[in-house]
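**Student:** Take a look at the following structure, please.
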Amino acid sequence: LHSFFSTYICFNKCLKYSNIVLSSSATIGESNSIFLTIIRGEYDAILPWPFICPITFTMINQKNGENVSRILTPRVTDANMIFLNRPNSERNPAFGLKSFVELRMMEERDVFVRNDICFIRVHIDLTPIQKYI
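Using the UniProt record's numbering, you'd call the opening residue of the sequence shown number 1 and step up by one each time.
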């Protein structure tokens, strides 16, 4: 896991990606998940909190075909403040998408994983906080 910045003076984040098995009464299937963790950073004191920026996760098609994108817009509720507020410790708990891309789709198409490597683009829309950065 590596942390990254969305701009020079902005939120410090860490991306977590994993394969999981999802099951519910409606469907049983396998998919991968993707989560973002806000990490304490040197510019936290001047950033607006809670974190409200929409995030687009894109699984890159390595054969120049169609990518798979999902947008996650943080919902500011009391229950979500633990994920979205300024970190009180080294990092906040992770939030994200439990079901990002179905593994079956990735295996059938054989275009998202090549040489055991997949690429994920993370775009954070800073429009909601543009006046602060």
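Quick reminder that beta carbons are idealized off the backbone N, C-alpha and C, glycines included.
Got a sec, what are the start and stop residues for the alpha helix (DSSP H) residue 82 sits in?
**Tutor:** Residue 82 -> alpha helix (DSSP H) spans 81-84.
**Student:** For chain D, is any of its Cβ atoms less than 8 Å away from the one on residue 112?
**Tutor:** Within the model displayed, chain D is absent; a lone protein chain is all it includes.
**Student:** Could you spell out where the beta strand (DSSP E) holding residue 96 opens and where it closes?
**Tutor:** Residue 96 -> beta strand (DSSP E) spans 95-97.
**Student:** With distance defined between alpha-carbon atoms, name the residue in 93, 107 and 63 nearest to residue 13.
**Tutor:** Comparing Cα positions, the closest option is 93.
**Student:** Would you be able to state if there are at least three C-beta pairs under 8 Å between the segment 108-119 and the segment 71-87?
**Tutor:** No, they do not touch.
**Student:** Would you mind giving the Cβ-Cβ distance between residue 61 and residue 101, rounded to the nearest angstrom? I have them listed as a contact below 8 Å.
**Tutor:** Incorrect: roughly 11 Å between the Cβ atoms, too far for contact.
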